[in-house]
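For what it's worth, the working numbering labels the leading residue of the sequence shown as 307, then goes sequentially. Yeah, the Cβ is synthetic: ideal placement off N, Cα and C, and Gly gets one too.
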Amino acid sequence: MSFQLKNKTVWVAGHKGMVGGALTRRLEQENCTILTCDRSEVDLTRQDQVEAWMKEHQPNAVFVAAAKVGGIHANNTYPAQFIYQNLMIECNIIHAAHRNGVEKLMFLGSSCIYPKMCPQPMNEESLMTGPLEPTNEWYAVAKIAGIKLCQAYRKEYGDDFISVMPTNLYGSGDNFHPDNAHVPAALLQRFHNAQENGDESVVVWGTGSPKREFLYVDDMADACIYVMENYSDHEHVNIGTGEDISIKDFAQKIKDTVGFEGALVFDTSKPDGTPRKLMDVSKLTSMGWTAKTSLDDGLKNYYDWFQNNIEQLRVA
């Protein structure tokens, strides 16, 4: 089923985040009208405010990229905030989209929805087949609920609401908060600071043995547009590269990108998280889309953007 974004009014919820920012940049190529709203205008956790804004602006299509996100430390420290805020945001937007006749909606989840010991690579059918990773189960439960919301509104009302599950992302607009950053931002900032300070080593959390898949955020946005225009079904779609790398090797790549010549030290007292997270992207590739940006090229772009925006970033 084909859905054209051309000449449509499209709301990107969460446009100031890394994912929403990438979607907004990519949508500028689609000859559509892009809607955004700041937190000062609409509190997405408030149903009345979301309903009123949606009724006033009447978008044809919606990307639900708004979310409270963070790494292992943030998920462990703020479990109530992670489950409550994410549930409220997705419930309010999806329900308001239904009430206001939105033609198509895409909900963006996360690969953390899959079981901790999920068979690798993780395919879409593995959802809810085992226990979640305890360190981020609050966020994962909220994201699973978002998938189920889209499925429920599709089943009961026939709404064309779909979900995609991006893998670990990095790129322009990333969050560099010292406590809440994900792995790529945390490592990039750490190596940059060590380089600037002339440090002899950089500490990396865990053993370095877990394997992760990393996707350049602009590739993610391109995939979302492609899926939005070419897919309409009950099941969510994985978005990734289909290739993973150990945290140790990933840290080495960032070390090389930054030009840091000191030592890597692994703090094994810190948690590793899920041992491996590799997406099965065969469903996406069968639709005709594959990632275009290599990890080396993506990291170079990432660090260039970081250096050009360092004054505006929350760096340690």
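Nearest neighbour of residue i, chosen from the options [CA to CA]
| i | options | result |
| --- | --- | --- |
| C456 | S575, A403, F520, A372 | A403 |
| D525 | W317, H321, T315, R331 | R331 |
| S639 | Y384, T473, T513 | Outside the displayed span of the chain (307 to 622) sits residue 639, for which this structure offers no information. |
| V533 | K606, A491, M585, L590 | L590 |
| K374 | H488, F566, L411, K461 | H488 |
| A451 | D555, M324, I419 | I419 |
| D603 | D562, V571, Q426, K449 | D562 |
| L521 | S588, K422, Y608 | Y608 |
| V408 | H363, T441, Q355, G376 | H363 |
| K410 | T342, W359, I453, E535 | E535 |
| K554 | G568, N544, P427, R518 | R518 |
Where residue i falls: helix, strand or coil (DSSP)
| i | result |
| --- | --- |
| V408 | coil |
| K322 | coil |
| K422 | coil |
| T591 | helix |
| A597 | coil |
| K517 | strand |
| K606 | helix |
| V375 | coil |
| T574 | coil |
| R331 | helix |
| S308 | coil |
| V348 | coil |
DSSP bridge partner residues for residue i (one or two, in chain order)
| i | result |
| --- | --- |
| P472 | I545 |
| M434 | Answer by DSSP bridge pairing: none, since M434 is not bridged. |
| S507 | A569 |
| V533 | For V533, which the question treats as bridged, DSSP gives no partner whatsoever. |
| K583 | R518 |
| L414 | V470 |
| M428 | M585 |
Residue i at chain D interface by Cβ criterion, 9 Å
| i | result |
| --- | --- |
| E334 | In the structure shown, chain D does not exist; there is a single protein chain. |
Where the beta strand (DSSP E) containing residue i begins and where it ends
| i | result |
| --- | --- |
| Y680 | Examination of residue 680 is not possible in this model, given that the chain is present from 307 through 622 alone. |
| L624 | Since the first residue of the chain shown is 307 and the last is 622, residue 624 is not available in this structure. |
| A458 | That residue, A458, is in no beta strand (DSSP E); its alpha helix (DSSP H) goes 443 to 463. |
| V370 | 367 to 370 |
Boundaries (first-last residue) of the alpha helix (DSSP H) holding residue i
| i | result |
| --- | --- |
| I378 | 378 to 383 |
| A557 | 553 to 564 |
| H363 | 353 to 363 |
Mind the definition here: the segment 479 to 492 touches the segment 420 to 440 only if three or more C-beta pairs lie below 8 Å; say whether that holds. With the rule of 3 Cβ pairs closer than 8 Å, the segment 479 to 492 does not count as touching the segment 420 to 440.
Any contact of the segment 583 to 597 with the segment 545 to 552, i.e. 3+ C-beta pairs under 8 Å? Touching, yes.
Would you call the segment 309 to 317 and the segment 360 to 375 touching, i.e. three or more CB-CB distances under 8 Å? The segment 309 to 317 vs the segment 360 to 375: in contact.
The segment 393 to 407 touching the segment 463 to 472, judged by at least three CB pairs closer than 8 Å: In the pairwise beta carbon analysis, the segment 393 to 407 is classified as touching the segment 463 to 472: at least three pairs are separated by under 8 Å.
Is it true that the segment 375 to 386 meets the segment 328 to 347, where meeting means three or more beta-carbon pairs spaced less than 8 Å apart? The segment 375 to 386, when compared against the segment 328 to 347, does not touch it at the 8 Å Cβ threshold.
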